[in-house]
Every structure is written in structure tokens, then in C-alpha cells.
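Numbering-wise (numbering that gives the first Met the number 0), the sequence shown opens with residue 0 and increments by one.
Just so it is clear, CB atoms sit at the ideal spot from N, CA and C, and this is done for glycine as well.
The next block holds one structure in the form of C-alpha cells; read it before the comments.
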Amino acid sequence: MLTFSYYAPTSLNQACRLLSEAQGQARLLAGGTDLLIQMKRNLVKPQFLIDLKKIKRLKGIEYDPEKGLRIRALVTHSELLHNPWILGYYPILAQAAQTIGSVQIRNKGTVGGNLCHAVPSADLAPPLLVLNARAVVRGLKGKKFIPLEEFFCAPNQTILKDGEILQEIEVPRMPERSKAIYLKHGIRRAMEIAIVGVAVLMALKPDRRTCAEVRIALGAVAPTPIRVVEAENSLQGKIIAPEEIEKAASIAAAHAQPITDLRGSAEYRQEIVRVLTARAITHAARII
Numbered sequence: 000m001l002t003f004s005y006y007a008p009t010s011l012n013q014a015c016r017l018l019s020e021a022q023g024q025a026r027l028l029a030g031g032t033d034l035l036i037q038m039k040r041n042l043v044k045p046q047f048l049i050d051l052k053k054i055k056r057l058k059g060i061e062y063d064p065e066k067g068l069r070i071r072a073l074v075t076h077s078e079l080l081h082n083p084w085i086l087g088y089y090p091i092l093a094q095a096a097q098t099i100g101s102v103q104i105r106n107k108g109t110v111g112g113n114l115c116h117a118v119p120s121a122d123l124a125p126p127l128l129v130l131n132a133r134a135v136v137r138g139l140k141g142k143k144f145i146p147l148e149e150f151f152c153a154p155n156q157t158i159l160k161d162g163e164i165l166q167e168i169e170v171p172r173m174p175e176r177s178k179a180i181y182l183k184h185g186i187r188r189a190m191e192i193a194i195v196g197v198a199v200l201m202a203l204k205p206d207r208r209t210c211a212e213v214r215i216a217l218g219a220v221a222p223t224p225i226r227v228v229e230a231e232n233s234l235q236g237k238i239i240a241p242e243e244i245e246k247a248a249s250i251a252a253a254h255a256q257p258i259t260d261l262r263g264s265a266e267y268r269q270e271i272v273r274v275l276t277a278r279a280i281t282h283a284a285r286i287i
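This is the structure:
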């Protein structure tokens, strides 16, 4: 029988203190869609369980026309799907949230859990990477800001230290004349872990033919979600044409580091990266 001490702090300071005092023997409970399954299977056996759901500062979505978006850690995937600011200004986040699990999982699973669990296939990571998001991390010494590119260290491992909690994600305004898209490839249409995930943000110059800025991020094809700067550089300042798109897509595929497992070979995943990247760039450029 699994035994543990349960805490339900009402403030971030309380939660950080409990987490620090546990010296690595505690787990944070948000939606619980991953953690509770792992505990039932005896894959993790925490001595302390710290439930975050009573902390009001971890809930809600805010938008400022100048500063951009703030998504707090306990926001659920369903909230992303129905928030008017997300749908109006950052629809790529709703696209990604729609692909996560089932309705029940989306109603319980949280943005903070999706990112802090740090699986390479996390669906929210590539979109947030192309949006230049940063993590706001709270600890006993205050808070710090971490670019999301630096947040993931390895599979199931983030930059968070003992006593630190992800408080929220900050997303700046999108560039002018820009659109972003997330494409996911899996065997099933629902309840599927990404075999490959690709996010692209494209901003065009006033002529609406030339790339002013592009950001490309991949999921499920490396130890962590990654930006592919080399592919981005190949398109920068170029007129968006089929040959330039194919070149960038091939570069993205070459920089992927997929593994072979039951859901697909490394070679298969690299080819899917090429196809999805080309498709996402084409789609983003056409809908601006």
C-alpha cells in the first residue's frame, strides 16, 4: 500500500517551503493525469504530496495588448481551448491543446504539468517555443524568468531546482503580419502521443511574399523539444517559394534526433519532420 503525507498549501510561499523541506522526496499535484497513474503503478513513491489546487496565484489567463499573454500553471488544456484571448491572438495554443488526450484529460491536465513533466512529445512545448515564451519560476528567494528554450534539460527533467515551482508562462505579442501553426502526426486521431510535432511561426514583410521572421520548433524527435535555428536562417529574408520551403524542411529533418521505438523508426520520424515542416511553413505563409 502506498503511503505519503498530503499537504494543500494556500500560497506559493507555503508550497515552495514544503517542497524545499522535503529535500527531493515530494511531488507536486496539479491535474494529476500523469502523476496519479505513475503512483498507482508504483513507478513513483513520493513521501510527500503537495496539492497546488488551492493556490489562487496559479490560476487564470491574463492578456495585455502591450505585454502579451500570461498563462498560469494550473490553467487546464480546456481553458486554452475556450479562452477568447487565446482564440483571438494565439490560436496555435488552442490547436495544440485540442490534440492532447481526451476531453476528460483536457479538463484535468494543466499547462504547468504538460511542461514540467518534460516529455519530449509534450504538445504545448513546440508552440510556446515559437512564441518565444518564458517561464516564470517561483522559489524561496523570489522569482526568476527563464526562456522556455532553457527550461527543458532532458527527458522528464527541467531546470527547476528543489523548492522551485513554475508559476506561469509569459508569451509576448506576436510579430506584425504573422501567423503560427502546430501540426501533429500520430497513428490515431485522438488519445495519441505525438510521433512528431512541428510548430511554425511565420512573419512576412509588407510585400507579403518575403520572410521577415520565422521560428520552427520540433517535438518528439529529440531528448527535449527544440528550435531549429539553422532551418529558420535558411528562410530569413527570402521570398517564400517551394524550393526555399523544401530546403528549410530538409534542414529541420537533418537536425532532428529521433529514436526508433514501437511507434516508428528514426528514419520514418525524420521524413515526417520534413513533410510536416514544409506543410506548416506553406500554410503559415498562405494564411497571413
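query, result
"Which one of W84, P154, L86 has the shortest CA to CA distance from V118?", "P154"
"Can you give me the start and stop residues for the alpha helix (DSSP H) that K39 sits inside?", "34 to 39"
"How far does the beta strand (DSSP E) with S177 in it reach, from first residue to last?", "177 to 184"
"Count the other CB atoms within 10 Å of the CB of P83; is the residue buried (16 or more) or exposed (fewer)?", "exposed"
"Going by beta-carbon coordinates alone, are K251 and A230 separated by less than 7 Å?", "Per the sequence presented here, residue 251 reads as Ala, with Lys not at that position. Taking 7 Å as the Cβ cut-off, A251 and A230 qualify as a contacting pair."
"Pick helix, strand or coil for G59, following the three-state DSSP scheme.", "coil"
"Does the distance from the C-beta atom of D206 to that of H116 stay below 7 Å?", "no"
"Is it true that the segment 192 to 211 meets the segment 169 to 182, where meeting means three or more beta-carbon pairs spaced less than 8 Å apart?", "yes"
"Which residue's Cα is closest to the Cα of L123: I168, Q156, G87, I158?", "I168"
"Could you round the C-beta distance between A283 and A179 to whole angstroms and report it? I think they count as a contact, below 8 Å.", "7 Å"
"Per the DSSP calculation, L200 is bridged to which residue(s)?", "A179, R214"
"Run through DSSP, which three-state label would V136 get?", "strand"
"Among T75, I70, E65, L18, which has the Cα closest to the Cα of I49?", "L18"
"Relative to the alpha-carbon of I99, which residue among E243, T75, L86, G87 has its alpha-carbon at the smallest distance?", "T75"
"Can you list, in chain order, the stretches of the beta strand (DSSP E) that have 3 or more residues and sit fully within the segment 75 to 158?", "133 to 138, 141 to 146, 151 to 153"
"List the endpoints of the continuous beta strand (DSSP E) containing I168.", "164 to 170"
"Would C152 be called buried (16 or more neighbouring beta carbons within 10 Å of its own) or exposed?", "exposed"
"From which residue to which residue does the alpha helix (DSSP H) around L11 run?", "11 to 20"
"Please state whether the Cβ-Cβ distance between L165 and A121 is less than 7 Å.", "no"
"Please name the residue or residues paired with T223 in a DSSP beta bridge.", "Answer by DSSP bridge pairing: none, since T223 is not bridged."
"Ignore the nearest five residues each way along the sequence and tell me which others in Y181's own chain have a CB closer than 6 Å to its CB.", "I91, Q94, A95, P126, A198"
"Tell me whether the segment 104 to 115 and the segment 135 to 145 touch, counting them as touching only if at least three CB pairs, one residue from each stretch, are closer than 8 Å.", "no"
"Measure the C-alpha to C-alpha separation of I54 and A29 and round it to an integer number of angstroms.", "10 Å"
"Measure the CB-CB distance between L128 and R226 and report whether it falls below 7 Å.", "yes"
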